[in-house]
Amino acid sequence: MPPVINKEKCKACGICADVCPMDVFFGTKKGEFPVITYPEECWHEGACVQECPIEGVIKLRIPLQMMICYK
Ligand code: SF4
């Protein structure tokens, strides 16, 4: 499941789109709220969550069958 971004806290820096190794945020422009263009490409490796400068803005919804892989 794709990342969920808190619109009220997001600073639209574009870092999440830059670090995503897939095209989940394809089309996102700097200075604008990130767009989730291809949610099915998210494989939950968490680069966007780790690199976002504001803690807690992005949350990943980990599919139940993948939960065992996360701490
Ligand atoms: S990295 Fe965080 S603050 Fe920057 S655009 Fe993405 S969600 Fe918003």
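Position one of the sequence shown corresponds to residue 440 (the numbering used here), numbered consecutively onward.
Backbone N, C-alpha and C define an ideal beta-carbon position, used for all residues, glycine too.
Check                                                                                         : Outcome
Where the alpha helix (DSSP H) containing Cys487 begins and where it ends                     : 486 to 490
Residue of Gly466, Cys449, Pro502 minimising C-alpha distance to Trp393                       : Outside the shown range of the chain (440 to 510) lies residue 393, about which nothing can therefore be said.
Three-pair Cβ contact test at 8 Å for the stretch 481 to 501 versus the stretch 456 to 463    : yes
Pairwise C-alpha distance: Gly470 and Gln504                                                  : 35 Å
Cβ separation of Glu484 and Asp462, assumed to be a contact under 8 Å, to the nearest whole Å : So it is not a contact: roughly 14 Å between Cβ atoms.
Val496 - DSSP class collapsed to helix/strand/coil                                            : coil
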